[in-house]
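With the working numbering as the guide, the letters of the sequence shown map in order to residues 45 to 246. Think of the CB as a built atom: it goes at the ideal place given N, C-alpha and C, for glycine as much as any other residue. Here the structure is laid out as structure tokens; the discussion comes afterwards.
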Amino acid sequence: MTEERLFDSSHAALVFAFNYSGQQYQASAMNKAMTPAIGSGKGLIGVDGAAQAGMIRNELGMLPELHQAVLTARCAPHDVRCDCGRPCCAARRPNTEWEAAIIWLTDRAMQQLSGSFSHYRVRRSIIEKIFGRKVDLVQIAEDCGAHRNTVSAQNAKLKVWIEGERKKGLTAAPGVESVAWLAIDGRLKAAGMVTAEEEAAA
């Protein structure tokens, strides 16, 4: 008998692990009923959820630091709930884990822009844009006091680094994100947490 996998994809597994919160221990019956199903329809809560999130994070921690940073930037929430209760609180605060990944990638991005002037704020804003922050290149240029052409050129280089080349009719070089996904796919499937392609097709 084949053991049922908990997640249909590595993306679903990582999103679950990054979003998992200890607050689920105290979730009410209504909250549990309203919680969307995870992966193949199993909702994980309490001790089981904490253990599963921990195992997924352990597999992620086995990857090179570059791959960890890329996958964290892609899958972790940009902000998290805040319960400080202060009058100025908007009930959300920046997710330090996501920000740490962005900072790490911003520093590493220097290597991709060697030979040209690179403004830290420009690099960081471009990295944030690649990983989902809603901002356009014109706004980045204005905010950072940089020329639009410089921002556009650096954006192109960093997108190729992260996402790879996208050329029709040619063998495109993969970006570091594609390589990172292949690595975590292999680990999570081998650990029995993600459905393999042949199982999904059966």
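I'd like to confirm the pairing. Which residues does DSSP put opposite Gly-129 in its beta bridges?
Along the sequence shown, read from residue 1 onward, the residue named residue 129 stands at position 85. Note: Gly-129 sits in no beta bridge, so no partner.
Under the three-state DSSP convention, the category Arg-136 falls into
Start at 1 with the first residue of the sequence shown, and residue 136 comes out as number 92. Three-state DSSP puts Arg-136 in a strand.
Short CB-CB distance (under 7 Å) between Glu-143 and chain B
This model lacks chain B altogether, as it is built from one protein chain only.
Do Glu-209 and Ala-200 have their CB atoms nearer than 7 Å?
Within the sequence shown, residue 209 is the residue found at index 165, counting from 1. Within the sequence shown, residue 200 is the residue found at index 156, counting from 1. Against a cut-off of 7 Å, the Cβ pair of Ala-200 and Glu-209 comes out as no contact.
Can you give the Cα-Cα distance for Trp-142 and Gln-96, rounded to whole angstroms?
As a position in the sequence shown, residue 142 is number 98, starting the count at 1. As a position in the sequence shown, residue 96 is number 52, starting the count at 1. Cα to Cα, the separation comes out at about 20 Å.
Can we say the segment 96-111 touches the segment 222-240, given the rule of at least three CB pairs closer than 8 Å?
yes
Would you call the segment 164-184 and the segment 133-153 in contact, with 3 or more CB pairs under 8 Å?
yes
DSSP-derived helix/strand/coil call for Gly-176
Counting from 1 along the sequence shown, the entry for residue 176 is found at position 132. It is coil, neither helix nor strand.
How many angstroms separate the CA atom of Ser-54 from the CA atom of Ile-184?
The residue you call residue 54 lines up with position 10 of the sequence shown. The residue you call residue 184 lines up with position 140 of the sequence shown. Spanning the two alpha carbons is a distance of roughly 32 Å.
Within a Cβ cutoff of 7 Å, which residues of the same chain sit near Lys-203, ignoring the five residues on either side of it in sequence?
Within the sequence shown, numbered from 1, the residue matching residue 203 stands at position 159. Correct list, in chain order: Ile-174.
Which same chain residues end up closer than 6 Å to Glu-186 when comparing Cβ atoms and leaving out the 5 residues on each side of it in sequence?
Within the sequence shown, the letter at position 142 stands for residue 186. Nothing listed; no residue qualifies.
Excluding five sequence neighbours on each side, which residues of the same chain lie with their C-beta closer than 6 Å to the C-beta of Ala-61?
What you label residue 61 is simply residue 17 of the sequence shown in a count that begins at 1. Ala-97, Ile-100 and Arg-101.
If you run the structure through DSSP and keep just helix, strand and coil, what is Gly-189?
Counting from one through the sequence shown, the residue named residue 189 turns up at place 145. DSSP places Gly-189 in coil when its eight states are reduced to three.
Just mark Thr-140 as buried or exposed, buried being the case when its beta carbon has 16 or more other beta carbons within 10 Å.
The residue given as residue 140 occupies position 96 in the sequence shown. With fewer than 16 Cβ atoms within 10 Å of its Cβ, Thr-140 is classed as exposed.
Pull the bridge partners of Val-238 from the DSSP assignment, please.
By one-based count along the sequence shown, residue 238 stands at place 194. Paired residue(s): Phe-51.
Close Cβ partners of Pro-138 (< 6 Å) along its chain, the five nearest in sequence each way excluded
What you label residue 138 is simply residue 94 of the sequence shown in a count that begins at 1. Once the five neighbours on either side are set aside, the close Cβ partners of Pro-138 are Asp-123.
Rounded straight-line distance, which links the Cα of Ala-224 to that of Leu-107:
Here residue 107 refers to the residue found at position 63 when the sequence shown is read from its first residue. Here residue 224 refers to the residue found at position 180 when the sequence shown is read from its first residue. Near 8 Å, if we compare the C-alpha coordinates of Ala-224 and Leu-107.
Cα-Cα separation, Glu-221 to Ile-171
Here the question's residue 221 lines up with position 177 in the sequence shown. Here the question's residue 171 lines up with position 127 in the sequence shown. When rounded, the distance between both Cα atoms is 13 Å.
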